[in-house]
Ligand SMILES: [Mg+2]
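In our numbering, the protein residues as written are -8 to 277.
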């Protein structure tokens, strides 16, 4: 049983014209996180669908999701009652495959990832191997095995660059516990091999936000990030000079849900501006 109750997803009727939160109009474009911001454990948060509708044509969803392609995720979101077109989703796992396919065409790749992403990589022409890898691509594989850890460690030790989908070490589970994430596997490989990753693609690194801005034809100065995680969404936004609004339970969150965020009356409430970068970074993402 998840912690999310029906009350969380109920959207009370709201008359047109009452959604006057200043931030909706003071920024031209929006980069919006998915998990914890629009959805929790596959259930849309209150106001999420209406916020996307309100920002239609002005937003791209930017997520550290490392198991889906935009196409497969769009289908799952549609089934959950939220319409997000595949072409306005930028996902860490898919972006990592695209990058590796482009930068390391023809090379032998040890890919740690979901069946969906492995099929996507194969369709992009990636040569996936178990041994003798020249590149290690680390995304999320929930069937991760010790033998794979050993293969990855030794490939990296021999000089194969490790390209990592996202650095998150965990996310909250439905049972209140922690769900280990890619960052935990990354640290295991780094600890054993003694070699740092060549590249991390997901937030807070800039690649996904930059791609989101490109798709919107937007400038960072005109764009607001909406997320739930200070260490990925807010820090990534700050590094590019963008403001960020946070939803969720974090002590520095602006609102609990998208519903409450849309009713936020403060102009310029968006925080975590570039000058707070150092403070946020002090939490350490290592
Ligand atoms: Mg999130």
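By construction, the Cβ of each residue, glycine as well, lies at the ideal position given by its N, Cα and C atoms. No experiment lies behind these values; they were computed from the predicted model shown.
Report the residue from 134, 149, 124, 156 whose alpha carbon sits nearest the alpha carbon of residue 85.
Considering only alpha carbons, the answer is 156.
Should residue 135 and residue 103 be called a contact, given that it needs their Cβ atoms to be closer than 8 Å?
In this structure, residue 103 lies closer than 8 Å to residue 135 by Cβ.
Compute the minimum distance between the beta carbon of residue 122 and the heavy atoms of ligand 1, and state whether it is under 7 Å.
No - ligand 1 has no heavy atom lying nearer than 7 Å to the Cβ of residue 122.
Can you say whether residue 27 is buried or exposed, counting buried as having 16 or more other CB atoms within 10 angstroms of its CB?
Buried, by the Cβ-count rule.
Can you round the beta-carbon distance between residue 112 and residue 88 to whole angstroms, since I take them to be within the 8 Å contact cut?
5 Å between Cβ atoms; contact.
Would you identify the three-state DSSP class for residue 162, choosing helix, strand or coil?
Residue state, collapsed to three classes: strand.
Is residue 56 close to ligand 1? I mean its beta-carbon at under 7 Å from any heavy atom of the ligand.
No.
If I follow the unbroken beta strand (DSSP E) through residue 126, where does it start and stop?
Per DSSP, residue 126 belongs to the beta strand (DSSP E) from 126 to 129.
Whole angstroms are fine: how far does the CA of residue 222 sit from the CA of residue 274?
With a pLDDT of only 33 at residue 274, under 50, the local geometry of the prediction cannot be trusted, and the value read off the model is given with reservation. Distance between the alpha carbons of residue 274 and residue 222 is about 8 Å.
Compare the beta carbon distance of residue 188 and residue 153 with 8 Å and say whether it is the shorter of the two.
In contact: residue 188 and residue 153 (Cβ atoms closer than 8 Å).
List the whole-angstrom C-beta distance separating residue 225 from residue 232, where the pair is believed to meet the contact cut-off of C-beta under 8 Å.
Actually they do not touch by this definition, with Cβ atoms about 13 Å apart.
Would you call residue 39 buried or exposed, if buried means 16 or more other Cβ atoms sit within 10 Å of its Cβ?
Buried, since its Cβ has 16 or more Cβ neighbours within 10 Å.
Taking the C-alpha atoms as reference points, what is the distance between residue 145 and residue 19?
Each residue's alpha carbon lies about 47 Å from the other.
Using 8 Å as the threshold, is the region 69 to 80 in touch with the region 106 to 122, meaning 3 or more CB pairs across them?
Output reads no: the region 106 to 122 does not touch the region 69 to 80.
Run the CB neighbour count on residue 201, radius 10 Å, all protein chains shown included, and call it buried at 16 or more, exposed below.
By the 10 Å Cβ count, residue 201 comes out exposed.
Residue 21 bridges to which residues according to DSSP?
Per DSSP, 50, 215.
Kindly give me the distance between the Cβ atoms of residue 12 and residue 254, rounded to whole angstroms, as I take these residues to be in contact under 8 Å.
Yes, they are in contact, since the Cβ atoms of residue 12 and residue 254 sit about 6 Å apart, within 8 Å.
Going by DSSP, what residue range makes up the beta strand (DSSP E) through residue 154?
153 to 155 is the span of the beta strand (DSSP E), which, as asked, contains residue 154.
For the region 196 to 215 against the region 46 to 55, do three or more pairs of beta-carbon atoms, one drawn from each stretch, fall closer than 8 Å, so that the two count as touching?
These segments touch.
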